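Chemist:
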Amino acid sequence: MNHDAYDNAYITGILNSVKTIAMVGASANDVRPSYFVLKYLLGKGFSV
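Residues in the sequence shown are numbered consecutively from 190, following this note's numbering.
1) In the DSSP assignment, what residue or residues form a beta bridge with S236?
2) Excluding sequence positions up to five away, which residues of its chain have a Cβ less than 7 Å from the Cβ of I210?
3) What is the DSSP secondary structure of V226, counted as helix, strand or coil?
4) Can you tell me whether DSSP reads S195 as helix, strand or coil?
5) From Y199 to R221, what distance separates their C-alpha atoms?
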């Protein structure tokens, strides 16, 4: 499936309507990029 075709407005609409996100590969190890993604989402009020 090609995810490049999704319009930014479509993705923005989804993120504005949900507050819970499942994150595969989340890590508590602060040297991994997923740690910073998790921290960012939590800081924006999402339940991860």
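Just so it is clear, CB atoms sit at the ideal spot from N, CA and C, and this is done for glycine as well.
Keep in mind that this is a model prediction, so the values were computed, not measured.
Modeler: Quick look at the numbers:
1) T209, per the DSSP bridge assignment.
2) L230, F235, V237
3) helix
4) Residue 195 is actually Tyr in this sequence, not Ser. It is coil, neither helix nor strand.
5) Looking at the two C-alpha atoms, the distance is approximately 28 Å.
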